[in-house]
Each structure stands twice: as C-alpha cells, then as structure tokens.
Amino acid sequence: MDEKLPEKLLRPYNPKETEERIYKLWEDSGFFNPDVCIEKGIIKADAEHFSMVLPPPNVTGNLHTGHALMLVIEDIMVRYARMQGKKTLWLPGTDHAAIATQSKVEKLLEKEGLKKKDLGREEFLKRVEKFAKESHDTIVNQAKKMGATLDWSREAFTLDEARNVAVKTAFKKMYDDGLIYHGHRIVNWDPKGQTVISDDEIVYEERKAKLYTFKYSVDFPISISTTRPETKVGDTAVAVHPEDARYKKYIGKTYNIEDFCGVKLEIKIIGDESVEKDFGTGALGVTPAHSQIDSEIAGRHKLESKQVINEFAKMTVGDERILNKKTTEVRETIVNWLKENNLLEKEEETTQNVGTAERTGAIIEPLPKLQWFIDVNKKIPSRKNKSLKELMFEPVKEGKIKIIPEHFEKVYFNWIENLRDWCISRQIWYGHRIPVWYHEPICIPKTGKEDQTDKCKKTVVSIEKPICEYCDAKYEQDEDTLDTWFSSGLWTFSTLGWPKQTKDLKTFHPTSMLETGHDLIFFWIARMILMSQYLLNEIPFENIYFHGMVRTADGKKMSKSLGDKAIDPLIIIAKYGNDALRMAMIVGNTPGKDLKLDENDVRGYKNFANKLWNISRYVLGVERSGELKKELLDEWNSLGKDITADMENLRFYLAAEKIYHYVWHRFADEIIEKSKDTPEYGATLYHILENSLKLLHPFMPFVTEEIWGMLPVESMENKKLLMVEKWPFESAFGKPYDK
RNA sequence: GCGGGAUUAGCUCAGUUGGUACGAGCGGCGCUUUUACACAGCGAAGGUCGCAGGUUCGACCCCUGCAUCCCGCACCA
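In this note's numbering, the protein residues as written are -18 to 720.
Right, dumping it as structure tokens:
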C-alpha cells in the first residue's frame, strides 16, 4: 500500500531474521553494563539501583526450559528496572557444582573404561575443567539466544580465582570464630560417590522391605525388629521405654552373646523415652555407629559405638561368612543364620523410605567419620550473641527479606527449626580445597630453634600455604573439598568483589531481588542468608521471587534429567520466536506455581507478534495528524498505571495479559477500525503504538525493538534504543514492591 | 505423622481489597476472502467457580469440616 514503508514490514514478522541482529545491537550498545549507561547519560549517576545475580547454572551441560523460564522472568525484571532509569545490574555466572560435575565426568570416563584414580587427581581435574569450560560456553551462548541482558563484563564462576579467595576468607573467619569444627560424627556416606553428603542432598525413595523380628540368642529376654539385620552385629544395646511394664525389670542388665553369626555381642538393656511401646516389639536394637537416631540414644547413655560397615558398604567384622562381604549379601546370611538357629520369629513386608544420594542414586550408608562442620547453634559475639540459625531466621521473620509467594516463609522457618550442623567437607576432587594445612609429623628444627619445636602449629587454617616458624617441615593441605553450596552461599557478594571493599559491593549490595526455583530454598537461599548475615552483617537480597517448575503439557517434570523428552527451548525459539516463548511462559504463570508449557500457547503468541507487526504497518501508513483524542488517552493512561502497578508488585502474568489484550482486542480491533472512517486519528494512533511498544518491551523485547527502529525519527526527540527508553508511567508506589 | 498448594469454560490456566464470572491461549460452531493482518475479522455457544455448612445486605474470594490430586519435610527401629 505504501512504498515509504520498510520492505521487510510488508512481509509477515520473521523472528529468525530479527533476533540475532537485535541482540547484537543491544550487546554492542554496552547498556547491559550500568556503568556504560551512566557514561552515556542514559541513567543518572545517583539513580536508585536495581541489582540481581543470575542463579548460576551448573556447568554440567545445556540450559533446559527451567533455565529459560528463569532467564525470561529475570530479564523482564531487569528490563523494566532499566526503563525506569534505575542503575540496573544483572550479574551472570556459572556454578562448578562440585559433585554434579564430577560425577558427570566420571560417567564419561567410564565409557572409556577409565576411573578417576587411573588418571590421578591432577589429570582428572584437567578433564573436569575442560568439560566445565565447554559447558560454560554452551550456556553463555544459550543465554544470549534467550535475549538475556546480562552484564557479561562482570561474569563470574564459583570456582575462579577471585571466588576462591572469597571462599578461603569466609572459611578462615568462621574457623577463627569457632563456627567451623572438625568432628567425628555419624554422617551420610555415599558409597558410590565415595563422599559424605549433607542432609539436604538425600532423596528419600519409598521401597518395599522386609521387617525381621528375632532374638540375639535363645537366652536373650527381648525380641527386636529390624529391616537391616546386617547392622545388628554392631549393636551394643537394646532400648525400651522406661515405663514399659514388660521390660522394666531388665533395664540396666547386660547380656553377653557369645556367638551372633560369628560375632560376640555385649548388649545392655537401657530405658529411653524415644522408644515407642506400641511399635513392633516395643524394643529397639541400638546400633550407634550406623544410625543417626541410635547414635543419639547412645550419646545419652554413654554407649560404646562399634563400626561394622566400611566406606564400600562392606562388613568389617566377623568370620569368613560375613567379613568383607557386601551389606546386601550379609543381610541374607544373617537371616539364614537366624532361621537355622530358630531365632527368627517373624518376617513381614513393609514399605520404608530409603535415603539415596541425589547425584549418584546410591543408598546412603550412615557411618561415623571425621568431617568438617559448621555449627549452626553457637552464639556469635560479633553478632550480638546470635547463632547462625537466628541470623537466618530473623531477616525473614522481620520482613527485611520478603518471599514471594509468601507461604514459602513457613517452609523456610520449618527447615531452620530442624536444622542440624552443616557438614561441609566432601571427599571429591573437584571443588574448593579446604584451606586447612597439617604440619608434617616429623619436625626438622630451624637453626637456633631446636628446643622450640613443641611450639610448631600442627593445624593451620590459612589462605596461603603456611610456613612453620620453628622448623622446616612442610604443611600438607587437607585432601577434601568444600560442599559446592559453601561457595554458592557467598554468591551475592563474592561476585561484587568481596572480600575487597569494592565500589560495586557498596553500590549493589544487598541486592534487590533474588529470583529462582523454589527447589533451591534450602540449598541456596538459606545458605546465602547465612553467609551474608554472618560475613557482611547484612541481608543478601531484599526480595525473593520463586518461580515454579516447568512441566511438559502432560504434566511431567522437565527440568531434571529428562533428557530428550524435555522440550528444548532453543528449538521452540527457532520455530516460534523468542518473544512468543517468553509470552507463553509469563501469561498466567503465577509465582511458585508449576508451569505446563504447551506448544500451542507458544504458537498463539507468535501470532500476536505478527499482529503487532501488522498494526505497526497500518499505523506507519497513516499521517501523524490531528489532536490526541482525550477519551482514548485517558483510557490508555488508566491502563498504563494499572500495568505499572502490576509490574511494581511483580504480577507480570497480569501485566503481560493486560497489555496483550489491549493491543489486540482494543487497539487493533476497535480503535484502529474506528479510525478508518474518522479523520484526524493519526496522532492518537502513533501515541498509543509508541507507548504500547514500551509497555510490551520487557515481555517481547525483540519484535518491539525491531518495530521501534522503524518508527520515523522526526516523530520523537532523542530517539534511543527502546531497551533504554523511559517507561512512560511513574512508579505507582513510593518504594518498589511495597504492598 | 507435620506442613504447604491445587480443585473456575472441552483442555491448560488467569481472576490483585468480598459487589451480578472482564477473562486468556488452544480446541469446537456459524459467517466473512475485504480489510494493515486468514499467523485475520465478526458473531454465537460453553461455567450451579470440588462438596457441605457458616459469616455477610452480598462469597469463586473470608471461616469450619469433608473429598480428590500434587508437592515439601520428618520417619518405626
């Protein structure tokens, strides 16, 4: 119709031809970096800030739909803040994800018939690093394809040099304050991964099991039940309820069992309130070395702990029948022995929840081991004598940190109440090495200090490799690495330069927002609050926004290890365009609720992008003439304010739907139609189009930026990239996110 | 066992402080090849808002109980 129009506008909107070019335009502008925005006069140097870290994806492979959702929501927040003229920083990075990455590489090695021990620590780590680097590059590329306006100049990695300094500094401070201790305790041992894991890394699976009821010997007065007969060779007591009439008379007595399948046992009968009279036989065989609960009972009664299972889930006691054999095999052996000796009284089917390791799937074997722990209950003098637990609890309770949706606060509090000391050491190679150094056993005194070697420090926690003052003996570093969440816990400030007191740290911390999946509430959120409260004496972020899990259209979980069954966001983008995927992920997606991603929805929003394209073609074809129609302007302003309020309150699902609905069904279907037979509408149409593009931009950045670029320059003063145009409405509230 | 969430159109979901359900996407029905756009327009259909009580002038929305599904956490030996 009009030869003035750009040629591409005459064809349907083609996201493929557009998106890469537009992203490059944004990236080249430098506006992802708030410093550049200030330099170029886009934002004021003293503007309010909006800062957020990207939850660093694990360097274990590709980005999946879960990541895509995260990038979309966060990009919307960031684009909105930037358009409001805030000093906006969205800081990218990746996570070394210690166990996850190491076990992935181990699996790859297995295909070559290799084990990590064949390579040795150094060579193996080189392999892991190579793999991590490749994953990292894939992830960064994908994030760019998603249109994420991350400040790549500030990119960080949880295991890079700067973050290593932060980790060591944090460890040392905690150690010096007595919050980190080396302790011999029952830990969760992963026999497959050959490492300890924390309570949160256990996944409980319901399985069928057999409950055996038996006596240790014919003379033993009390029957007990167990699902794990093989551990019974480690029993040192039988616990009954102190008020149980049946057993009261035995309490305090000790029985010697000369032969329990080749093992000698000494069993004391004890009374403990924790035993339930009505469960099973009302008596509990106590295995202090291989059960968390039993260990606690043993502690109360000062019982001996006898380890009978080793790190490979093999028996360490008994004769050839059980010694060195696997626990599963020995279970059968013991049961048969009980049968042969007429000691087995009952055998019944039950279901039980078996603890398995999140990453390797192995059944957890509780074992006593010497490990490093963080004490969550110790009072900290420099923090008004509060414990880490209290430091985690308070900011949420007092509303300094807001959680959206709110009901996750309860989940958070509940977790803290049940929290035990955090085991932070791992017997794996990939990760931050524990900064603890041990003095060689034999001293080689320095000249003149021959009589002072008793002053040599045997254990030193240090950022640098220590040198002994009195002798020439070397220090060897602890072999273990740290739980990956230790370094993740520092993320909001380690990325801003801490422990250095940088300008970034002053400007952007506490961060404004932390957006992530609710599955990370304990692993990550709680640990960040702990670390920030303790190390910086401030909260890590003011708001938490939890998104739901992404599921397939039939409700299957997509984010974790579904492999090729999961929808690849990049394929969807190639088919329908980035803007369409973004809209499908946002409209109707309330915080915290799972999102069923349906390709049909995406197709619908692709049509909308095209609709917007055609609206623009029409408007650009008319004269910008006449006065602004007051009624339409009022209507528009009222909608704009409403949408702005939604943005401020993080109701993106509503804001997106409202602007969508207005543009299509009000502006296109009614206003434009009416304008066709009414003169002097041009100026109004331009006004609505330009402002609609602004309001749509956080949601559909590509198509809006592309159209923006085609709008006639003379119609606007100082036309910039739409990405940094001013949002046309003032904040609806004084402070963001207040209710 | 403790805690949380869900239950609204055929399907997937919105519905912000209680005021006749504004609804969206997809699907289905009828009409329209003319219009910036058939990746479209117009029109109509479709809901006793899980069930039972209660509060209220008025409830999808608040309270109580129940049912079904989902998700955390804990766990019995």
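Yeah, the Cβ is synthetic: ideal placement off N, Cα and C, and Gly gets one too.
Sequence-distant Cβ neighbours of T332 in its own chain, meaning closer than 8 Å and more than five residues away, are E187, R188, K189, A190. The three-state secondary structure of C18, taken from DSSP, is helix. DSSP places R108 in no beta strand (DSSP E) but in the uninterrupted alpha helix (DSSP H) bounded by 97 to 126. Residue pairing for M494: DSSP places it in a beta bridge opposite M33, N524.
DSSP places Q175 outside both helix and strand once states are collapsed to three, so it counts as coil. Under the 8 Å Cβ criterion, the stretch 62 to 76 counts as touching the stretch 27 to 38, having at least three qualifying pairs. With contact defined as three or more Cβ pairs closer than 8 Å, the stretch -7 to 13 and the stretch 454 to 470 are not in contact. Around the beta carbon of P(-13), a 10 Å sphere encloses fewer than 16 other beta carbons of the protein chains shown; the residue is thus reported as exposed.
In this structure the stretch 160 to 176 does not touch the stretch 587 to 605; the number of beta carbon pairs closer than 8 Å is below three. Taking a 10 Å sphere around the C-beta of V109, we find 16 or more other C-beta atoms and assign the residue as buried. The continuous stretches of beta strand (DSSP E) do not include Q408, and DSSP gives it neither H nor E. Rounded to whole angstroms, the Cβ separation of I3 and E686 is 5 Å, and the two are in contact under 8 Å. Assignment of Q83 by DSSP, reduced to helix, strand and coil, places it in the helix class. Straight through space, the alpha carbons of T341 and A270 are spaced by roughly 23 Å.
Residue burial annotation: R401 is exposed, with fewer than 16 other C-beta atoms found within 10 angstroms of its C-beta. Within the stretch 353 to 415, the runs of beta strand (DSSP E) at least 3 residues long that lie entirely inside it are, in chain order, 383 to 385. Taking all protein chains in view, the Cβ of F710 is crowded by 16 or more other Cβ atoms within 10 Å, so the residue is classified as buried. With contact defined as three or more Cβ pairs closer than 8 Å, the stretch 391 to 401 and the stretch 429 to 440 are not in contact.
DSSP, read as helix, strand or coil, puts Q333 in strand. When C-alpha distances from K350 are compared across R414, W170, E371, the shortest belongs to W170.
The continuous beta strand (DSSP E) containing I250 extends over residues 244 to 252. The C-beta separation of C242 from I303 comes to about 7 Å, placing the pair in contact by the 8 Å criterion. Between A79 and R407, the CB-CB gap stays under 8 Å.
Shortest Cα-Cα distance from T497 to any of L(-9), D9, F12, D56 involves D56.
Sequence-distant partners of I502 (beyond 5 residues in either direction) whose C-beta falls short of 8 Å from its own C-beta, in its chain, are F389, V392, Y393, W396, F527. Contact check for G252 against P223 passes: the beta carbons are separated by less than 8 Å. When DSSP states are grouped into helix, strand and coil, V568 belongs to the coil group.
Secondary structure at T217: coil, using DSSP grouped into helix, strand and coil.
The continuous alpha helix (DSSP H) containing E0 extends over residues -4 to 10.
Sequence-distant partners of M64 (beyond 5 residues in either direction) whose C-beta falls short of 8 Å from its own C-beta, in its chain, are K675, H678, P679, M704, V705, E706, K707, W708. Selection G573, Y641, R532 evaluated against M564 yields Y641 as nearest (Cα-Cα). In this structure the stretch 122 to 140 does not lie against the stretch 301 to 315, because fewer than three pairs of beta carbons, one per stretch, are closer than 8 Å.
The distance from the Cβ of V583 to that of L551 is about 13 Å, inconsistent with a contact at the 8 Å cut-off. In this structure the stretch 358 to 376 touches the stretch 502 to 512; the number of beta carbon pairs closer than 8 Å is three or more.
In this structure R209 is not in contact with T130, their Cβ atoms being roughly 54 Å apart against a cut-off of 8 Å. K153 and V442 have their C-alpha atoms roughly 6 Å apart.
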